[in-house]
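A.B. asks:
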Ligand SMILES: CC(C)(COP(=O)(O)OP(=O)(O)OC[C@H]1O[C@@H](n2cnc3c(N)ncnc32)[C@H](O)[C@@H]1OP(=O)(O)O)[C@@H](O)C(=O)NCCC(=O)NCCS
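Numbering (my numbering), first residue to last: 5 to 180.
1. Tell me, please, which residues DSSP counts as bridged to residue 174.
2. Return the CA-CA distance between residue 124 and residue 48, expressed in angstroms with no decimal places.
3. Applying the criterion that 16 or more other CB atoms from any shown protein chain within 10 Å of the CB defines a buried residue, is residue 110 buried or exposed?
4. Report the partner residues of residue 113 according to the DSSP bridge assignment.
5. For residue 11 and residue 103, what's the separation of their Cα atoms in angstroms?
6. Quick check: what's the CA-CA separation for residue 122 versus residue 26?
7. Is residue 96 near ligand 1, going by C-beta to nearest heavy atom under 7 Å?
8. Provide the residue(s) that pair with residue 7 in DSSP beta bridges, ordered along the chain.
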């Protein structure tokens, strides 16, 4: 079995300097976390990640049941932060998702951000990240991080724009 190593970056942001303004364009609306929404987050995650580079790095992201399992795992984490966990709804249903957890009581960690393909390029990804950062600030945190695959140019550009900077390079081994 061949092993592929995917280069990834850990990126961090200083929350005291980050812009957490998160206004949505019409007709989109914020949907705060609610226990009944777990499956909807999972479905939007699946529809956002299928076919994307991260679904190769983390095969569960390209699988509907994998996304449900992952979402349930995120929800069970001790530091799960409802204030940093949001969906965006449009007239035809849910179109974007982000989840945040507090790691070791000290730093916010963005888990997955995804916008389903027909709704990309409208500023929704940026709004989701800013809204999650706002949730971390509300929880009294001063720093946040995430990890991103080096080839995911759209996501890296978005994170840089919001204030994230590269802190570390990592390699993820995947059995192909
Ligand atoms: C990454 C993702 C969430 C961006 O969502 P989006 O709603 O399209 O992003 P936005 O419209 O808010 O764009 C914000 C910024 O991101 C960058 N960006 C977004 N899409 C881009 C693209 N296709 N190419 C280059 N830059 C892009 C730009 O800097 C953009 O700012 P600008 O519009 O002022 O140029 C979306 O592409 C996605 O769901 N991808 C698949 C899942 C994924 O890889 N998630 C990230 C895991 S780490």
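Think of the CB as a built atom: it goes at the ideal place given N, C-alpha and C, for glycine as much as any other residue.
C.D. replies: In brief:
1. 12
2. 13 Å
3. exposed
4. 105, 149
5. 23 Å
6. 20 Å
7. no
8. 179
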